[in-house]
Structure formats: C-alpha cells, structure tokens
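Asker: Right, I'll just put the structure down here and ask away after.
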Amino acid sequence: MHWAIPTLIIPAFVGSVISFNPANTPSPAETPSASPIAPFDPLTASIIRLAAQVGYPYAFMASRTEVVGLDVLGSNWRVLSASVGVAFAFAEAIAGAPQLFAKTLIREQRHIEFNSIENEGHSPPPLNRRALMAEEEASEDETD
476 MHWAIPTLII
486 PAFVGSVISF
496 NPANTPSPAE
506 TPSASPIAPF
516 DPLTASIIRL
526 AAQVGYPYAF
536 MASRTEVVGL
546 DVLGSNWRVL
556 SASVGVAFAF
566 AEAIAGAPQL
576 FAKTLIREQR
586 HIEFNSIENE
596 GHSPPPLNRR
606 ALMAEEEASE
616 DETD
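Residues are numbered in the working numbering as their position in the sequence shown, beginning at 1, plus a constant of 475.
In structure tokens form, the structure reads like this:
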C-alpha cells in the first residue's frame, strides 16, 4: 500500500478529476449527462505523482511502525522515476499543441468574421487559401 498510494492511487484519482488539457475537455454534445466528466489527464497525474513521491512521509511512517524496509528504493530513485514520467507526459502534451492552437485560431477568426459580416448585413466573402508551393511553381498566390 505504501508504494501504491503515492504511485498509483493519488495520481490516478487526481488525473481523472482534474484536466488542464483543453483537448481532453468533453463537449456538451458528447456528454448527455448533466455533469461532464473529464477524461484521464496523464500530465496532471504525473505532476501529482512527483509531488506525492516528494511529500509522502516514508521516514515518519518507518519510525512509527515496525515495518522494516518501508522505502526500498530510496528517495532519489522515487523522485527520478516520477520526474521521467513528468518529462514524457509533458512531451506528449506539447506534441499536439500546435494543431490544437491552429484549430482554435481558425475557429476564432471565422467567428469574428461571421459576427462582423452579420452586423454589416453582407453575405460572407469566399474563403481563399494560400498555396503551399514555392513561388516559382505557383501561377497564382491564392487559390479558391
């Protein structure tokens, strides 16, 4: 239990309750219930695991109980293991950040354009996209 509490139980509970990743936030259409539940967030869980490994009172419990060898690995190895977990979870979280930012930016720009057009009473202009070719290869700068 002294291994499972700071390594599995506390991080799993907090990672399931708290999610700082906007990609993991469920939309109201996906959750028909009144209270949406955030899915498991590995970054939050790994940060909490590191904090629990640092703050878990192994020395206090070893002095109060007759359990010999309560902290088998030692503080340095527990913190190192949790730190590697944080590094991998952070790398996974930032890998999808550019795509999420681009989607959010496009959605906000379309919303702003739609509201400005709606206020003026005009029909929306056609969407133009920049060509993804070199200038020598492209005959026009924009395509429909």
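The beta carbon of each residue, even a glycine, is placed where N, CA and C say it ideally should be.
Let me check understanding here. Comparing Cα to Cα, which of Met-476, Val-547, Val-489 and Leu-575 lies closest to Thr-519?
Answerer: When only C-alpha atoms are compared, the closest one is Val-489.
Asker: For Ser-521 versus Ala-564, is the C-beta spacing smaller than 7 Å?
Answerer: yes
Asker: Which class does Ile-485 belong to by DSSP, given the choice of helix, strand or coil?
Answerer: helix
Asker: CB-CB under 8 Å to Leu-454, same chain, minus the five flanking residues each way: which ones, in chain order?
Answerer: Here the chain comprises residues numbered 476 to 619, so residue 454 is not present and cannot be evaluated.
Asker: How long is the line joining the alpha carbons of Ser-550 and Ser-494, rounded to whole angstroms?
Answerer: 28 Å
Asker: Any idea if Gln-584 is buried or exposed, counting beta-carbon neighbours within 10 angstroms, 16 or more meaning buried?
Answerer: Exposed.
Asker: For Gln-528, I'd like the list of residues in its chain whose CB is within less than 7 Å of its CB, leaving aside the five on either flank, ordered along the chain.
Answerer: Pro-481, Arg-553, Val-554 and Ala-557
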